[in-house]
Structures are given as structure tokens and as C-alpha cells.
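Numbering (our numbering), first residue to last: 240 to 968.
Report on the structure given below.
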Amino acid sequence: MPKNSKAVKRDLDDEVIESVKDLLSNEDSSDDAFKKSELMVDDQEEKDADVEEGSDVEDERPAWNSKLQYILAQVGFSVGLGNVWRFPYLCQKNGGGAYLVPYLILLLIIGIPLFFLELSVGQRIRRGSIGVWNYISPKLGGIGFASCVVCFFVALYYNVIIGWSLFYFSQSFQHPLPWDQCPLVKNTSHTFVEPECEKSSATTYYWYREALNISSSLSESGGLNWKMTICLLAAWVMVCLAMIKGIQSSGKIMYFSSLFPYVVLLCFLIRGLLLNGSVDGIRHMFTPKLEIMLEPKVWREAATQVFFALGLGFGGVIAFSSYNKRDNNCHFDAVLVSFINFFTSVLATLVVFAVLGFKANIINEKCVIQNSEKILKLLKTGNLSQDMIPHHINFSSITAEDYNLVYDIIQKVKEEEFDSLGLKSCQIEDELDKAVQGTGLAFIAFTEAMTHFPASPFWSVMFFLMLVNLGLGSMFGTIEGIITPIVDTFKVRKEILTVICCLVAFFIGLIFVQRSGNYFVTMFDDYSATLPLLIVVILENIAITRIYGIDKFMEDLKDMLGFSPSQYYYYMWKYVSPLVLLLLLVASIVQMGLSPPGYNAWIEDMAIEEFHSYPTWGMIICISLMVLAILPVPIVFMVRRCNLVDDSSGSLAAVSYKRGRIIKEPINLEGDNTSLIHGKSPSEVPSPNFGKNIYRKQTGSPTLDTAPNGRYGIGYLMADMPDMPESDL
């Protein structure tokens, strides 16, 4: 068909509006050639003409520079602070080495299958979370918006933790470290140790008073903590600069932010194994307590950790995979990243308990010395007889084993009077049993252990720089889960959107850098993500297996990967994973109902944490966080179900062209029996705004090809219109 000139195009002044349905109905039913036709797009023809007439030419979708860069991005997103300060705590709390068994089982049942599912839909459809679920089913398009809302909530407080790490990092360049000793207070008569510090410890005091300057309750705001406000601003500036060009800028940073934590963990492991007591910590960590495995709570917490460790439901996984080539082996990626995540958690657990074993050994030595002095005083006063002390015991250089021997003898001889003697057992296991997690592990327990390291400032700098990089890797994926879907859907400039998003998040995040900000971090961490993300992933599973069709999805995977995935995934997606997720959702709701909603407040006078219930307005915020996160799902469903959006307004269900002839048809994805492999991916479909040459090509396929992709999909063939200028379509 000859190409029309510009002069011919200018003569077409009248707009002719015809539905695709009418065009198809006028076609002769015996036209087999038409039934075998396929919509093709010539990307090159008339490109210059379009540019001259002022139309916007869509840039190609960005792509990863290499497979390594992509893998590092996914690893950086999935491996976060939870691997360092949550997994070791759960492992210790839930049976030591035995906890790894339910964790691995659940990783195979829900972790890898659901991670593979998100990778594959993102790679195949090549859109963010909003575009992906609009493509699958417009009525479930709210899934993508819900993911964006959850990502935003999480980003608000997650970057605050990066700000805390930046503060400690900046304070680590001094010797001795500022949290090494309790500060002294001077008055007119004498000097004394700060009472709040003396009642707790140097690291605890520094965290609550020097770093957070925390108030005594959620209701007591106390004003902004300017040190943390500056650190929060610095954190958001780092995120904004790294994300402003999308994967073109953040991808290069991944080489450092994803790999550096492994260098630090290996250095800490080697250094930790050379410390006294490290082996005791590791032995205590991995000693299996098999009886605990039978408790349902262990399986619930293992499932929750698997779910959040891989970043399921956030949209970051989908966003990152959408920049892949269509034939990338995403099954290999899913398995690789999942096991890298698991082994990172095990490595972090080894490091944490090697260091905590060293710390417990130091505390135990102090305990032995203090209680040995008590025994000597009791011997001098005659409360204890010298005859009960074995002759080989030397109290000036007593070991932990010798002390425990003396302790047991005294306990047996002075059974009735023993409690009044005030002696402690000084068992290293007792110290290791004191479970710590989260900020308590990173900013109190670990920092205290590092003060006893030789060259402690160096190790402190390395540790907090590692935390910053772990946090940034997760933040990149979280922000990508917000930016990519919005850019894909609304075609806004990524740079402007990134700056606006970071500015808005910073100003909202100021509530977290008040003196009561730590309590708000706890609130958001407990209520903003857990239940909404579980609901999101359940709906994702239903959308693929029930609405789109698991059989069609398996065919798509075969076409995309070049081989048929194992039937294992078929049964996991269709039966096992949804059931496990529903059980986890019910268990989480029950757990939330049984646990009184509240937070641990720091009481300055007593230097202890005390549980406080949330006030009424606090409970309203908690409920609002969960409702707002999941609200887009029913809203979008009702809008689609009741046709509340006019197709002529350029909605997500409409397809229109910018110039010349306009073709518009509502897209009913649920009734569409065509699989993704027969349709064009969104990246292959011409944008409605661009005048490109469209023609028919004979193929051997009898299938009517469609590519319903929400706002940007073209789901129908063009009728044979020989007299219509091609350039005006």
C-alpha cells in the first residue's frame, strides 16, 4: 500500500468516529484472510512527520545495563534491615537451628512461587504494578494503587531508620566512641554519673537521650529533634538523587549498596570468630529446640518473615522486572534471589550471635568478679565457712567454671538462707537468652559490643555504613514501586515526580523526628503494611489463577522462558499458596486482636521501658493506616463495576488517538479469552498519541490478537480500509 503524502493528510479535516465493533461487524464472515490478520506497527515510517507536527514521541522503556545489575537491584531490595535485626531474633526465639526447617519449607511453598509470579508478570507486561493489574483485570486495578499506598507508608518511616543510621555513622569518627561511657554531670559541689545512664547503660542512655531525646509518651510531642531532622533530610536527598533518573541512576549505585553489606558482614564474621565467647554465641544460636517447632506461632512468624523478606506485594519486584527483556529467565532469578536472601539471613545471624556471644562473655566475666567479691565478704564476716570452698579455688583469678562450682556448693549447703545472700548464677546462656531485635539490637546491643572491639571506631563506621546501604537498597525498590506505576499510567516526567514524592515524604516524615517520633515509627511498622500487603498478594494470586487463568499463564511462561515451568508452580499457585496466605491472614488478624495495641515508652526517671496503650486518636490512626492502604481495591472495583468513569474522558478503559481518526472501544478484559502470549506487551503497543503507520499482515494464526493493557492497550484489529490514509490512524 503506497504511503500517503502530507498534502493528502491535511485534506482530511473531518473527524470520523467509528467503533471497532462496528467495523468488525461489517466484515464479510467468509473473509478467512481477515481472520488470520494481525495488527502490526511500523515504528519507523512517518516518525519524522509526527515530530514535525508536534506529537510526542515515546522513548523506549529503559533497560538494565546487565543481568548482574538487575540481580543486585532485586537482592538489594529484598535483603534489608530485617535480615540483620529481625531474622536472628526469630531464629533464637523459635527454636534456634530448628527454626530454619519451617522457614525453608515456607520459602518453597509461598516465598519462591509468589516471587516468581511477580517477576514473571512484571517482565511479561513491562509495566509497574498499576499497569500490570489493569492489564490482567481492570476491576482489580486497585491492587496496583494499594501497593503504591503501602510503599509510600513504608518509605515514610523506613527512611527515618536510615537517618538514625546516618547519625550514628557521623558520630563514629571519634575515639572513644561517645556511647562508650556514661556522661558525668557537674554541679557546684561535686561530679556524679548521669542518673538515667547509671540506671540503664551507656549505649541505652545514648540511644534514648542523646540520639532520640525521647519523650515519655506518644501524646507528648516535645517538638522536633533537629539533629534527626537534618539526618532525615540527608537521607531523602540521597534517595532522590539516586532515583531521579530511575534505574539509569539507581542501577549504578546498586553495585556498591548491594555488595558492600556482604563485605562488612564477612569482615564482622571473621573478626567475631576471633573474639572470646563468639563460639558460645553461635552454639547457643543453632542448638535446635525441636519441641518448639510444633507450636503454630513458630510457623506463623516464619511465614510472615518469608513474606516480608522477599518484598512481596510492594510493587518493587514488579517494577524492577518490568525493565527486563521479555525472554529473560525470571525463574532462575526467582530461585537465585530467594536463596541469596536466605543465606544472607543465616550469615547475618552468625555475625550477630558471634558478637553477642562476645558481649555476653564480657558481661559474664563482670558478673563472676562482682559475685566473687561478695563471697569473699561473706567469708570474712563469717556468713560462709571456708570449709565449703574447694582448695583449688583462687578468687583473685577465678574462672566462670570455678565460680559456678562454688555457687552450686553454696546453694546446696545454704539452701534456706541462699536467697538472702544475693548471689547470681552468672551463666552465659542466661545473657544470650535475652532476646533483642530491631533498634534494640542495632543501636544498643551491637553498639555496646563494638565498644569492646580493638579499633572500635573503625568497626562502628563499617557497621552503620552497612545499615545505611541495606536501607538504601530497600528504599530504591520501595520508591520504584511508587514511581514506575505512576509514570507508566499517567505519563508524567520521572524526574519531577521523584522530586515531588521525596519532598512530600520528607515533610510528612517530620512526625517521626519529633521527640515522640520513635513511637510513631512503631505504630507505622505494626499497622501500615502487614494486613494490607497480605490482602494485596492474595488478590494478586487470585487475579492470575482464577480471573486470567492459570493454564493461560503457564502457556505465557512457556512462550516467554522457552521451556515449561514445573507443574509444582501450577499446584502452588492454584491451591497451596492461596490457602497458606489465607491462613496467615487469619492468624495475623487473630494475633493483632489478642495483642493489646500499644507501644513501649521510655520512662526517664526509672530508665526503663514501660508498655503504654494507644490513646483513642492513636487507635484511629492505626485503623486509618490499614483502611487507607487497602481502600483503592474496593474503590476501583466499584468504579469499574458500575461504569462510573466515562470512556470518552480518556479513562483507563478507553483507547483513543491524538490526531485524525479516533477509534474508541471499552475493553472487557475479563471476557477476553486471548492469552498474553498472543497479545502485544505494552512496550510493543503504539501509544494512542502517536501517528504511526498501521497495516495488516497475513499470518498463519487463526486467533484474533488482542493486547488489552488498560489505558494504553489496543485490543482489536483494524478493518480493511483501503481508502483510508494509513498515517491518520
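For every residue, glycine included, the Cβ atom is placed at its ideal position computed from N, Cα and C.
Q. In terms of alpha-carbon separation, which member of L533, L618 and D669 lies closest to V645?
A. Start at 1 with the first residue of the sequence shown, and residue 645 comes out as number 406. Closest option to V645, Cα to Cα, is L618.
Q: Tell me where the alpha helix (DSSP H) around L339 begins and ends.
A: For the purposes of this step, residue 339 is identified with residue 100 of the sequence shown, where counting begins at 1. Note, L339: alpha helix (DSSP H), L339 to L345.
Q) The beta strand (DSSP E) spanning F876 covers which residue range? A) Start at 1 with the first residue of the sequence shown, and residue 876 comes out as number 637. Where F876 is concerned, there is no enclosing beta strand (DSSP E), although the alpha helix (DSSP H) it sits in stretches over P871 to R880.
(Q) One question on the structure: do S497 and G319 come within less than 7 Å of each other, judged by their Cβ atoms? (A) Here residue 497 corresponds to residue number 258 of the sequence shown, with the count starting at 1. Here residue 319 corresponds to residue number 80 of the sequence shown, with the count starting at 1. Against a cut-off of 7 Å, the Cβ pair of G319 and S497 comes out as no contact.
Q: May I have the straight-line CA-CA distance separating G335 from P527, to the nearest angstrom?
A: The count along the sequence shown starts at 1 and reaches residue 335 at position 96. The count along the sequence shown starts at 1 and reaches residue 527 at position 288. Taking the straight line joining both Cα atoms gives about 5 Å.
Q. Tell me, which residues are paired with I842 by DSSP?
A. Numbered from its first residue, the sequence shown carries residue 842 at position 603. DSSP output for I842 lists I847 as bridge partner(s).
Q. Is it a yes or a no for the stretch 705 to 714 touching the stretch 472 to 484, going by three-plus beta-carbon pairs under 8 Å?
A. yes
Q. So what does DSSP say about L463, is it helix, strand or coil?
A. Translated into positions along the sequence shown, residue 463 becomes position 224. In the structure shown, L463 sits in a strand (DSSP, three-state: E or B).
**Q.** One or two residues paired with F431 in a DSSP bridge
**A.** Along the sequence shown, read from residue 1 onward, the residue named residue 431 stands at position 192. Answer is V424.
Q: For S496, write down the residues that DSSP places opposite it in a beta bridge.
A: Within the sequence shown, residue 496 is the residue found at index 257, counting from 1. According to DSSP, which records beta bridges pairwise, S496 is partnered with nothing at all.
Q: Throw me the rounded Cβ distance for the G516 and F597 pair, which I believe falls under 8 Å.
A: Here residue 516 is taken as the residue at index 277 of the sequence shown, counted from 1. Here residue 597 is taken as the residue at index 358 of the sequence shown, counted from 1. Contact flag correct, Cβ pair sits at about 5 Å.
Q: Specify the secondary structure class of H516 as computed by DSSP and reduced to three states.
A: The sequence position of residue 516 within the sequence shown is 277, counting from 1. For clarity, residue 516 is Gly in the given sequence; the question names His instead. Per DSSP, reduced to three states, the secondary structure at G516 is coil, with no helix or strand assignment.
Q. For G710, does the three-state DSSP call read helix, strand or coil?
A. Within the sequence shown, numbered from 1, the residue matching residue 710 stands at position 471. In the structure shown, G710 sits in a helix (DSSP, three-state: H, G or I).
Q: Give the DSSP bridge partners of S852, in chain order.
A: For the purposes of this step, residue 852 is taken as residue 613 along the sequence shown, with counting starting at 1. Looking at the DSSP assignment, S852 forms a beta bridge with G837.
Q.
Excluding the 5 residues flanking T442 on each side, which residues of the same chain have their C-beta closer than 6 Å to its C-beta?
A. Along the sequence shown, one-based indexing puts residue 442 at 203. Here the set comprises W418, I683, T686 and E687.
Q) Is any heavy atom in the ligand PLP found nearer than 6 Å to the beta carbon of I369? A) No copy of the ligand PLP appears in this structure; indeed no ligand is present at all.
Q.
Taking 8 Å as the cut-off, does the stretch 788 to 805 touch the stretch 425 to 437 (at least 3 CB pairs, one atom from each stretch)?
A. no
(Q) My output table needs one value for V731: the three-state DSSP class, helix, strand or coil. (A) For this step, residue 731 is matched to residue 492 along the sequence shown. The answer is coil: DSSP assigns V731 none of H, G, I, E or B.
Q: Assign H523 to buried or exposed, taking buried as 16 or more other Cβ atoms, counted over all protein chains shown, within 10 Å of its Cβ.
A: Numbered from its first residue, the sequence shown carries residue 523 at position 284. By the neighbour-count definition (other C-beta atoms within 10 Å, threshold 16), H523 is a buried residue.
Q | Distance CB(G361)-CB(I557) smaller than 7 Å | A | Here residue 361 refers to the residue found at position 122 of the sequence shown. Here residue 557 refers to the residue found at position 318 of the sequence shown. Yes, these two residues count as a Cβ contact at 7 Å.
Q) Rounded to a whole number of angstroms, what is the C-alpha to C-alpha distance between D572 and L311? A) On the sequence shown, position 333 is the one that residue 572 refers to. On the sequence shown, position 72 is the one that residue 311 refers to. Using only the alpha carbons, I get a separation of about 11 Å.
Q. If you run the structure through DSSP and keep just helix, strand and coil, what is Q362?
A. Start at 1 with the first residue of the sequence shown, and residue 362 comes out as number 123. Helix.
Q | Beta-carbon contacts of C741 that lie in its chain and below 7 Å, excluding the five residues immediately before and after | A | Counting from one through the sequence shown, the residue named residue 741 turns up at place 502. Counting only Cβ-Cβ distances below 7 Å, and skipping sequence neighbours, we find W475, V478 and C479.
(Q) For the alpha helix (DSSP H) containing F553, name the first residue and the last one. (A) Within the sequence shown, the letter at position 314 stands for residue 553. Per DSSP, F553 belongs to no alpha helix (DSSP H) and is neither H nor E.
Q.
Between the alpha carbons of R565 and Y810, how many angstroms are there, rounded?
A. Taking the first residue of the sequence shown as 1, we reach residue 565 at position 326. Taking the first residue of the sequence shown as 1, we reach residue 810 at position 571. Roughly 24 Å between the two C-alpha positions.
Q.
From the DSSP secondary-structure annotation, give me the bridge partner or partners of Q753.
A. Taking the sequence shown and counting its residues from 1, one reaches residue 753 at position 514. BP columns for Q753 point to L463.
Q) In three-state DSSP terms, what is K619? A) Here residue 619 is taken as the residue at index 380 of the sequence shown, counted from 1. DSSP places K619 in helix when its eight states are reduced to three.
Q: Take S577 and list the residues in its own chain whose beta-carbon comes closer than 7 Å to its own, dropping the five residues that flank it on each side.
A: Along the sequence shown, read from residue 1 onward, the residue named residue 577 stands at position 338. Closer than 7 Å at the Cβ level, and outside the excluded window around S577, lie L346, G350, I351, F354 and L549.
Q) For T737, which three-state DSSP category applies? A) Numbered from its first residue, the sequence shown carries residue 737 at position 498. T737: helix per DSSP, three-state reduction.
(Q) Within 8 Å, do at least three Cβ pairs link the stretch 783 to 792 to the stretch 370 to 377? (A) yes
Q: Count the other CB atoms, across all protein chains shown, that sit within 10 Å of the CB of T723; report buried if there are 16 or more and exposed otherwise.
A: Stepping through the sequence shown from its first residue, residue 723 is reached at position 484. So T723 counts as buried.
Q: Please work out which residues of its chain come closer than 8 Å, Cβ to Cβ, to N780, disregarding the five sequence neighbours upstream and downstream, and give them in chain order.
A: Translated into positions along the sequence shown, residue 780 becomes position 541. The beta carbon of N780 sits closer than 8 Å to those of L353, L356, W812, S816, P817 and L820, all from its chain and outside the five residues before and after it, given in chain order.
Q | Unbroken alpha helix (DSSP H) run spanning T686, endpoints | A | Translated into positions along the sequence shown, residue 686 becomes position 447. T686 -> alpha helix (DSSP H) spans F685 to M689.
Q | When P771, G720 and V872 are compared against S368, the one with the closest alpha-carbon | A | Stepping through the sequence shown from its first residue, residue 368 is reached at position 129. Nearest C-alpha to S368: G720.
Q) Taking the continuous alpha helix (DSSP H) assigned at T443, which residues delimit it? A) For the purposes of this step, residue 443 is taken as the residue at position 204 of the sequence shown. Counting along the chain, the alpha helix (DSSP H) containing T443 begins and ends at A441 to Y444.
(Q) Using a Cβ-Cβ cutoff of less than 7 Å, which residues in the same chain neighbour F547 once the five nearest sequence positions on both sides are dropped? (A) Your numbering for residue 547 matches position 308 in the sequence shown. So the list reads G321, once near-sequence residues are dropped.
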